[in-house]
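Engineer: One line per chain: the protein sequences are Z and V, in this order. Per the UniProt record's numbering, the first sequence runs over residues 1 to 394. Per the UniProt record's numbering, the second sequence runs over residues 1 to 503.
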Amino acid sequence: MASTEGAIKDQVTQKPNGIKQLIGQIDIRAYTMIGTLIIIWLLFGLLHETFLTPRNLSNLFIQMSVTSILAIGMVLIIVAGHIDLSVGSLVGLTGGIAAVLSTSYGLPLWAVILITLLAGALIGLLQGWLVAYGAIPAFIVTLGGMMAFRGVLLGMTNGTTISVSDPAFLMIGDAYFTPEFGLFLAALAISAIAYSVWHKRRSRLKYGFDVQPMSIDIAKIVFFSVIIIAFVLTMNAYIGIPFPFIFVVLFALLFHFIANQTSFGRHVYAIGGNVEAARLSGIPIQRRTMILFVLSGLLAAVAAIILTSRLSSATTNAGTMYELDAIAACVIGGTSLMGGSGTIFGALIGALVMTSLDNGMSLLGLETFWQYIVKGVILVLAVGLDILSRKKKA
Amino acid sequence: MYALEMVNITKEFPGVKALDRVNLKVKKGEIHALCGENGAGKSTLMKILSGLYPAGTYSGEIRILGEKKEFRNIKDAEKAGITIIHQELALVKELSVAENIFLGTEPARYGVISWDEMYYQAAKWLKAVGLDISPHRKVGTLGIGQQQLVEIAKALAKNAEILILDEPTAALTETEVDILMGILERLRKEGVSCIYISHKLSEVFRLADKITVLRDGQTVGTFQKTDVDEDRVISLMVGRNLTEYYPRVERTPKETVLEVKNYTVWDKEQANKKVIDHVSFAVRKGEILGIAGLMGAGRTELMLSLFGAYPGRKEGEVWIEGKQVKIKSIRDAIQSGIALVSEDRKRYGLVLEMSVHDNTILPNLAQISKWGIIDEIKGYKHSTQYAKELKTKTPSLETPVGSLSGGNQQKVVLAKWLMTKPKVLILDEPTRGIDVGAKYEIYHLMNQLAEQGTAIIMVSSELPEVLGMSDRILVMSEGRFVKELDHREATQEKIMQAAVGGK
């Protein structure tokens, strides 16, 4: 059977080249997104001397955290061929719940977080149930949710702003890790990457697949290490890694794992790619769909806790239009609204692009109306260019 | 002891009895062909067996190795060892070949997929179906035939005891069909039972041990292959003897209608690859020109390009009734009197949710409109007339086309193009996936149209059809016409020889 084994090995072995070998499976569209981001940063850096300072970059990462967390949940929903328009209102509502629990009832932080997350998940469950088992289009269910949740928030707060005074709560959005701890985290991350590269190599060897030369694997580890260290040193040059950004990293890693390494995640891609095929393969589509909305609701609650803490209060219009920012981030990051394709990593880059635009234009003192126009044009342009490039490739 | 028994299965849909006390018994290691016209109930029966119609929605009993079973869903049926390969490809184009093979049965621990295991296993199964591609490739980048083989690999990977194949060879080339036959024969030796559904009786007789014929939702009977022949099975399927399967009419074609000179088409994806290479041909009034060739020979591309529907660059001259025409779009083609019935009616031919009437008038709105406003009465006059002329079986003109049988859907496609009053009617695989009775009616219609002076170009992969219907046959191979045959001298052997590149 030696020849058979050999043939299988050849079949499985991919021969990637150059940069793709270095960074692995992140697709080509992600690179163009990163390119766009770098151009935007350089442009703002040239136009305004403070844009690329550690202080402003630190702010930028804090600013992007809420949109990013919403975008992470949104990616999978869009990949499955649905949409969630309610996340903005849900951020407002769960933020209100958190503030009421903390201020009016004086609950300790752990209880506040637990109940808020539970509320987000339950609301997601309700919407998911209506979409999956009620067969009502997600667009309608979540459009209804967008209006209704805002209404509940107004009723609950009587239209007033509820301030938060619990110092522990306020830490979530405002704290920074000490530089030393930041370096410790960097070391941890680099070890984790090294371990995963090694683990993957060992697994491939076990199955008799060809492995990349050791030098490539080492180059890969070095490449990511440089990025991580550069990031940590930049943040440390100001105060340290902002606490909210850690949530972004954690959830991004978690959801990247869910999307790519679990049956659940791959089923979501299959459902969005060809729902008939998914059904005929025995995938429980309704259950999968419902869970997606639970996850989205959960992430909205996480975003709400961060936002409320940063603003040190819950306002009635908190989170307004956030769903559109999240959707824009996904789409700029290469998620197809037709379903079936999209990456967490792309959505993060998309969120960073959107936030950089906000931040840079504010620094330049551009009037608000211009900011809206520029963001709108960039969104359509980004997707237009993407479609154009894919057409050319095809 | 039977591997599978389906006893007295009755299934009703609102207003229709789709299955009426159907019986099917399959032994271990037997290839059992299931024959019947479209609408005879084959697919419904298989949907019950594979758990798509759960227990309780039908009456009757399913027994596996003598033990009564009730399937609530696809998973239940799979657990009992039943796997189905569907007629329409059930693959996710954005996912890799390996992921598709293991979709729903991913090798995973605690829900975490073991990717290397999956690719390793996938490569084994790909080898088993003779497919030499990387399991990392996205399914969307594969050809239709390759996708069908992936589908088969997917079924095999489930280690089925009972394998159901629903028209598995519709998209396969001759070599791929041979591979499939080899696989099935190997499975038979390993004791796997196969239920084989196919319209192609030659395959059925090459492969099957037993044949069960269904007609109008009832079992006509189960026969040993050696006890019956193709003609007998056809007559059992349609319930009458088809004395003349291909109704040949002798005609004398008149003046030339369409002339194509030095026509070249470049690939839509690779701009410097020619799919059609300097071809010239002509069709005359009242003639049926058959175009034969293997899949990928460029037949469909040529037809689409002439119809202005192929995105690749083209060069050459097209003359209609002695005048040179420039066809830049489908509109141009329709106005010049060309109509095309595409090979995939569900994707390109019909808007399935729209009614028979709306589909018929769709390309003809200008004809029945004034100042952009549709004259509905005029429209209905046309759609009624065509439904009657083509004997379209439909409850009403308002019925959504998607709910009709394949043959009747094809008639609606024909109606909409006939209404454009074409001088040249191009038919790409006009009888693919439709039943014997409807086929016969379509052949008759083609004869009628030729009689009335329409020039017909028929692209077909079914050689008996090409031989039976064409006045003249052009054989295409690698983008060129390699042989021209008069129907009196043409044989299957001559066509195949030319198509595979011989002389």
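Just so it is clear, CB atoms sit at the ideal spot from N, CA and C, and this is done for glycine as well. All values derive from a computational prediction rather than experimental measurement.
What is the DSSP secondary structure of residue 134 of chain V, counted as helix, strand or coil?
Structural biologist: In this structure, residue 134 of chain V counts as coil in the three-state DSSP scheme.
Engineer: Bridge partners of residue 150 of chain V, per DSSP?
Structural biologist: According to DSSP, which records beta bridges pairwise, residue 150 of chain V is partnered with nothing at all.
Engineer: Which whole-angstrom value is the C-beta distance of residue 509 of chain V and residue 162 of chain V, which I expect to be below 8 Å?
Structural biologist: In the structure as shown, chain V begins at 1 and stops at 503. Residue 509 of chain V is therefore absent and cannot be evaluated.
Engineer: Which ranges would you report for the alpha helix (DSSP H) in the region 395–423 of chain V if only whole runs of at least 4 residues count?
Structural biologist: Runs of the alpha helix (DSSP H) inside the region 395–423 of chain V: 406–418.
Engineer: Apart from the five residues on each side of it in sequence, which residues of its chain come closer than 8 Å, Cβ to Cβ, to residue 451 of chain V?
Structural biologist: The answer, listed in chain order, is 249, 251, 286.
Engineer: Take residue 25 of chain Z and list the residues in its own chain whose beta-carbon comes closer than 6 Å to its own, dropping the five residues that flank it on each side.
Structural biologist: Interpretation of residue 25 of chain Z is limited by its pLDDT of 46, a score under 50 that renders its predicted location unreliable; the figure taken from the coordinates is listed afterwards. Once the five neighbours on either side are set aside, residue 25 of chain Z has no close Cβ partner at all.
Engineer: Please confirm whether residue 256 of chain Z has its beta-carbon closer than 9 Å to some beta-carbon of chain V.
Structural biologist: No - not a single Cβ of chain V is within 9 Å of the one on residue 256 of chain Z.
Engineer: Beta-carbon of residue 274 of chain Z versus every beta-carbon of chain V: anything under 9 Å?
Structural biologist: So, interface residue.
Engineer: For residue 234 of chain Z, report the span of its beta strand (DSSP E) as first-last.
Structural biologist: Residue 234 of chain Z -> not in any beta strand (DSSP E); alpha helix (DSSP H) instead, spanning 214–238.
Engineer: Just by C-beta distance, which residues in the region 184–215 of chain Z are closer than 9 Å to chain V?
Structural biologist: So the list reads 200, 203, 204, 206, 207, 208, 209, given in the order they occur along the chain.
Engineer: On the DSSP bridge list, what partners appear for residue 32 of chain V?
Structural biologist: According to DSSP, which records beta bridges pairwise, residue 32 of chain V is partnered with V:195, V:210.
Engineer: By Cβ distance below 6 Å, which residues in the same chain neighbour residue 179 of chain V in space, the five residues on each side in sequence not counted?
Structural biologist: Same-chain partners within the cutoff: 130.
Engineer: On a Cα-Cα basis, can you pick out the residue from Z:196, Z:378, Z:257 that is closest to residue 217 of chain Z?
Structural biologist: Of the listed residues, the one whose Cα sits closest to residue 217 of chain Z is Z:196.
Engineer: Do the region 285–297 of chain Z and the region 327–337 of chain Z make contact, defined as three or more Cβ pairs closer than 8 Å?
Structural biologist: With the cut-off at 8 Å, the region 285–297 of chain Z and the region 327–337 of chain Z do not touch.
Engineer: On the three-state DSSP scale, how would you describe residue 258 of chain V?
Structural biologist: Note: residue 258 of chain V maps to strand in three-state DSSP.
Engineer: Output the residue ranges of the alpha helix (DSSP H) runs that lie fully inside the region 171–207 of chain Z and measure 4 residues or longer, sorted by chain position.
Structural biologist: Whole alpha helix (DSSP H) segments, 4+ residues: 179–206.
Engineer: Less than 9 Å between the C-beta atoms of residue 413 of chain V and residue 320 of chain V, yes or no?
Structural biologist: Not a contact, by the Cβ cut-off of 9 Å.
Engineer: Give the residues of chain Z in contact with residue 113 of chain V, contact being defined as C-beta atoms less than 9 Å apart.
Structural biologist: Those within 9 Å of residue 113 of chain V in chain Z are 260, 261, 262, 263, 265, 266.
Engineer: Mind checking if residue 384 of chain Z is an interface residue toward chain V, Cβ cutoff 9 Å exclusive?
Structural biologist: Not one chain V Cβ lies under 9 Å of residue 384 of chain Z.
Engineer: Check distances from the C-beta atoms of the region 337–356 of chain Z to those of chain V and list, in chain order, the residues that come in under 7 Å.
Structural biologist: Within the region 337–356 of chain Z, the residues whose Cβ lies closer than 7 Å to some Cβ of chain V are 340, 341, listed in chain order.
Engineer: Excluding the 5 residues flanking residue 243 of chain V on each side, which residues of the same chain have their C-beta closer than 7 Å to its C-beta?
Structural biologist: For residue 243 of chain V, the predicted model reports a pLDDT of 49, less than 50, meaning its position is unreliable; a value from the coordinates is still stated below. Contacts found: none.
Engineer: Could you check where the alpha helix (DSSP H) with residue 127 of chain V kicks off and where it finishes?
Structural biologist: 115–128 is the extent of the alpha helix (DSSP H) around residue 127 of chain V.
Engineer: I believe residue 341 of chain Z touches residue 84 of chain Z by the beta-carbon criterion, under 8 Å. Please report the beta-carbon distance rounded to the nearest angstrom.
Structural biologist: Not a contact, Cβ separation roughly 18 Å.
Engineer: Rounding to the nearest angstrom, what Cα-Cα distance links residue 468 of chain V and residue 136 of chain V in this structure?
Structural biologist: Taking the straight line from one Cα to the other gives about 44 Å.
Engineer: In whole angstroms, what is the alpha-carbon distance linking residue 168 of chain Z and residue 174 of chain Z?
Structural biologist: Approximately 10 Å between the Cα atoms of the pair.
Engineer: Between the beta-carbon of residue 318 of chain V and the beta-carbon of residue 260 of chain V, is there less than 9 Å?
Structural biologist: Yes; because the gap between Cβ atoms is below 9 Å, this pair is in contact.
Engineer: Enumerate in chain order the residues of its own chain whose CB-to-CB distance from residue 312 of chain V is below 6 Å, with the five nearest sequence positions on each side excluded.
Structural biologist: Taken in chain order, the residues that qualify are 265, 266, 267, 268.
Engineer: Measure the CB-CB distance between residue 496 of chain V and residue 463 of chain V and report whether it falls below 9 Å.
Structural biologist: Yes; because the gap between Cβ atoms is below 9 Å, this pair is in contact.
Engineer: Closer than 9 Å by beta-carbon distance: list the chain V residues that pair up with residue 278 of chain Z, in chain order.
Structural biologist: Neighbours of residue 278 of chain Z on chain V, chain order: 90, 92, 103, 104.
Engineer: Does residue 232 of chain V come out as helix, strand or coil in the three-state DSSP assignment?
Structural biologist: Three-state DSSP puts residue 232 of chain V in a helix.
Engineer: Quick check on the DSSP output: the beta strand (DSSP E) that includes residue 278 of chain V runs from which residue to which?
Structural biologist: Segment 274–284, the beta strand (DSSP E) holding residue 278 of chain V.
Engineer: Just to confirm before moving on: does the CB-CB distance between residue 343 of chain V and residue 177 of chain V stay below 9 Å?
Structural biologist: No, the Cβ-Cβ distance between residue 343 of chain V and residue 177 of chain V is not below 9 Å.
Engineer: Using the beta-carbon of each residue, which ones in chain V are nearer than 9 Å to residue 334 of chain Z?
Structural biologist: Under the 9 Å cutoff, chain V gives no residues; its nearest Cβ is about 12 Å from residue 334 of chain Z.
Engineer: Just checking my contact of residue 434 of chain V with residue 407 of chain V at CB under 8 Å: how many whole Å lie between their CB atoms?
Structural biologist: So it is a contact: roughly 4 Å between Cβ atoms.
Engineer: Is it true that the CB of residue 416 of chain V sits closer than 9 Å to the CB of residue 392 of chain V?
Structural biologist: No, these two residues do not count as a Cβ contact at 9 Å.
Engineer: State the Cα-Cα distance for the pair residue 200 of chain V and residue 76 of chain Z, rounded to the nearest angstrom.
Structural biologist: Cα to Cα, residue 200 of chain V sits roughly 43 Å from residue 76 of chain Z.
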